[in-house]
Amino acid sequence: MKKPRRTSNNSFKLPTDVIVIIAFSIQEVGDLVAFLEALRGRNVLPGPLKQLYQLALTQDYSDWWPSLHIKSWYSSCDEIAKYYSKVVIYAMYETDEIDWLMHHLNANASIEWLVEKFPNATEVDPTYWNLPITHVNISLKYDDFDFDDDKPHNTCTDLLPRLPRLTSISVWDADDNHSHSDERGYNALYDHVFEFVANCDHLTEIHVDGCELTGDNMTNLIPWFRGPNARVFHFAAGPNDWHGSDVDDDMKESFCQAMFNCQTLERLKITAWGLQDVDFTDVVLSMRRLEGSKVTHFEFSAFDCSGAHELTSLLQVLPRTSIKSLIVSGLQCCCFHQDAWASLFDKCTLDILALGTIDFTSVFAANLALGIQKNQTIRRLELEWGNGKPGTVADIRRLIQSMAHPNRSVRVKRAQLKTSSGTFDAESVKSLHEFAIECRCEFKYGQKLIDESDTRSQELAWVGRYCMMKKPKASTPECSLLPLDIFIKIAFYLPGAADLFAFREALRPYNLLGPLEHLYKLSSLRDLWRYLWPRLVIPRAFNSWSTSYEAIAKYYSMVAIHDLGQAVWLKKHLVPQTKIEWVVNQFPNSVSEIADEVWDLRITRVRFGFQHNSVSNGKEILSRLKHLTALKVYVNQAISTPDEFNARHQIWDDIRLEISKTTHLDIFVYRDVSIDSIECLVRVLPRTSIKRLTLTSIPYTIKGLNKLARLFEHCPVVKLSLHPILSPTSFIKSLATSMQINQTIYELELFLRRITDEEIRLLIESFCHPSRRVKRKRLKLILPDYVMEKPLVKSFMDFAKESGGEFEYASY
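Written out as structure tokens, the structure reads:
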């Protein structure tokens, strides 16, 4: 992020609390660290955030974000503790420790007490029970408890009633070994917790993991279900479920009737607990159907192919429900087919869709992408797969493309991915991020899938956390003098539109929006992703909104223009470092029509259609753009005669690429154009500075393709990406011959519709030939809907390695 110019004198006094509150409103830890780095680079990092920055350098982020875990180093967070809405405390029973908590925590913060071993009441200072502890998280271990006869002595029955604000309790089995000589005694460790539940009149949530419910446990839980406060019950059974325990059938029936008939329960989650021997005749579920209910969040687990039918039925009824967030886990992708899957998303009204799969196939990705592309409401797609077949970069690119499709009217579009292991390397993740930005979509990798507590948009979650904090009084003495530019630059540094607007909401109560108010106004007029974020597209006519554009233009690092007549305005309102993309519909007739100010602009990229008259007029213009480094050309005019070919060839010469600094050339060829239309370009390449060449939608004629392939023998680029419509064997052989002769290309990327194993080996052998002097030889092959068995892929990788190169395979 570039520093603002020192000439700016537009500054204001911003209360330190406001800066800190904004920092604590950021959801993602990466964005928070970037925020801190931005302030630190300007030497305006407020005291509390200096302390937070030190924690980021010394402690694992899970200890300080998004909740603060107060441990032995608690004295290192005395300035920031009050800004947390949730803190977790451990064994802090001494008077000085409790005094620190009382003095430094926010009065409105909720405290979670994590208990690994209950202390004796005499070991705890009495003031401890005055802390606003709302949640107790109990980690049970067999060796942590003393036993007296058949009844374990557990002080929780003595201590838990001393917490008047307690509303939630979690108890879970933290012992790796369940095979104790006294299993009944070990399970009885839970008994005291359930005895407390039976007598507590203010508990609303219970979370139990690893327990085998006994008859006494059920007896104690029944009054809670029948009381007025039960809201959430999560239960994951122990290794033996209740089968084999001493629970009689009558008790099972009574317990299930109390649980399922509970009128106040808002969320019920049961895992690994068999109900096959329970009679539901007398159970009256408060919600008999999803349609017409108030349910907004729904989770579904499918562990075999039978789940495919059930999920299909759910998706069919989904448009008639209030469900906005759907999480599906345990999917087997092989059980889903296009006809039964893609069409179900057409009228789906979800905001958030999270899918957890056992495996991930390209066919499944293609069908899902087709369904997403038709959908008009899904703004967030999350994917997670286990240890089965992983997805490929091409699969994720296809899904990003479908999320960002221009026909979708959703404003914020985000794709999120989590894998069980390092499926993608850093380079692949970076390429996906860049591709998502090009598509005007957000992409995140390695993030946690949402849970039921994250059903709102990020904007609301961010503002909600901000609103919990008290606003500083007008007379707050401690203030920081911050240039307005740095605040706005921080906003423009945020990668996601949702983060940007949440940032704006945090500033609004203090009337500190500045130029962000203009960005907000423009977003109501123009499509955000297409025209305003992450680059700014300057329209040809914007007089009525010129003030808003003037206020925000200088903060963009990339601006797209259509009219060079705006050069004076651009030079005045853009900073010199801003990169400009010029989208050309028709080149001016001559250089004399262009204002002198144009040549001072930092035009680094030009996009235009390859038409003879247009390019002939623009040849001198392009040669005078001293910052030009990239061209994107749409070849949309066929060549039918030798004279036209010679004219086209002369055009590339006249553009004078050989004296320009252009290093990246991207050519898109319309399908009805002959191969001769790009041959003239390849002939010119040896006299240019172009290092990266992409040819997309190369037309199909066997003679033309073979001729094109032979042109790459002396092509000076280092990266070549080819996307032919078809790839006959003769083309592959001609390309292999050229690659063996070429001495500069170190990365070859091929998007092909078909190729045989023998042709792949031929390409590897030629591209990795010892006569080629390039240091690195990387062949990347991408095929559509084609599943190459892992042993075969490995054999190609090994063959490439033996030949001194690299082989990478993906499907799309």
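To convert a position in the sequence shown, counted from 1, into the numbering used here, add 108.
C-beta: ideal position from N, C-alpha, C; glycine also.
The model shown is predicted, which means the values in this text are computed figures rather than measured ones.
Please classify residue i as buried or exposed, where buried requires at least 16 other C-beta atoms within 10 Å of its C-beta.
i           : result
residue 726 : buried
residue 701 : exposed
residue 439 : buried
residue 680 : exposed
residue 864 : exposed
residue 663 : buried
residue 210 : exposed
residue 918 : buried
residue 69  : Nothing can be reported for residue 69: it is not among the residues displayed for the chain, which extend from 109 to 920.
residue 910 : exposed
residue 850 : buried
residue 898 : exposed
residue 278 : buried
residue 499 : buried
residue 794 : exposed
residue 151 : exposed
residue 908 : buried
Return the chain-ordered list of same chain residues with a C-beta closer than 8 angstroms to the C-beta of residue i, the five sequence neighbours on each side being excluded.
i           : result
residue 366 : 329, 330, 333, 334
residue 232 : 201, 267
residue 281 : 248, 317, 318, 319, 346
residue 157 : 127, 128, 131, 144, 147, 188
residue 883 : 854
residue 539 : 501
residue 672 : 690, 696, 702, 703, 706
Below 7 angstroms CB to CB, which residues in the same chain sit around residue i once its five sequence neighbours on both sides are set aside?
i           : result
residue 817 : 839, 842, 843, 846
residue 675 : 703, 705, 706, 709
residue 735 : 710, 711, 712
residue 901 : 917
Do residue i and residue j have their C-beta atoms within less than 8 angstroms of each other?
i           : j           : result
residue 854 : residue 885 : yes
residue 831 : residue 813 : no
residue 739 : residue 773 : yes
residue 311 : residue 337 : yes
residue 861 : residue 836 : no
residue 665 : residue 630 : no
residue 510 : residue 480 : yes
residue 869 : residue 848 : no
residue 659 : residue 626 : yes
residue 460 : residue 488 : yes
residue 522 : residue 542 : no
residue 787 : residue 819 : yes
residue 190 : residue 218 : no
residue 716 : residue 741 : yes
residue 427 : residue 404 : no
residue 878 : residue 912 : yes
residue 173 : residue 196 : no
residue 183 : residue 159 : no
residue 401 : residue 437 : no
residue 649 : residue 682 : no
residue 503 : residue 470 : yes
residue 737 : residue 686 : no
In its own chain, which residues sit with a C-beta less than 6 angstroms from the C-beta of residue i, not counting the 5 before and 5 after it?
i           : result
residue 224 : 247
residue 689 : 668, 713
residue 273 : 240, 242
residue 645 : 639, 668
residue 505 : 543
residue 379 : 344
residue 340 : 313, 375
residue 858 : 830, 889
residue 452 : 423
residue 874 : 844, 847, 848
residue 409 : 437, 438
residue 359 : 323, 326
*beta strand (DSSP E) segments (min. 3 residues) lying fully within the stretch 447 to 524*: 460 to 465, 488 to 493
*Does the stretch 480 to 491 come within contact of the stretch 511 to 520, defined as at least 3 CB pairs closer than 8 angstroms?*
yes
*Can at least three beta-carbon pairs, one atom from the stretch 195 to 211 and one from the stretch 174 to 181, be found at a separation below 8 angstroms?*
yes
*May I have a chain-ordered list of the beta strand (DSSP E) segments no shorter than 3 residues that lie completely inside the stretch 680 to 723?*
687 to 692, 711 to 717
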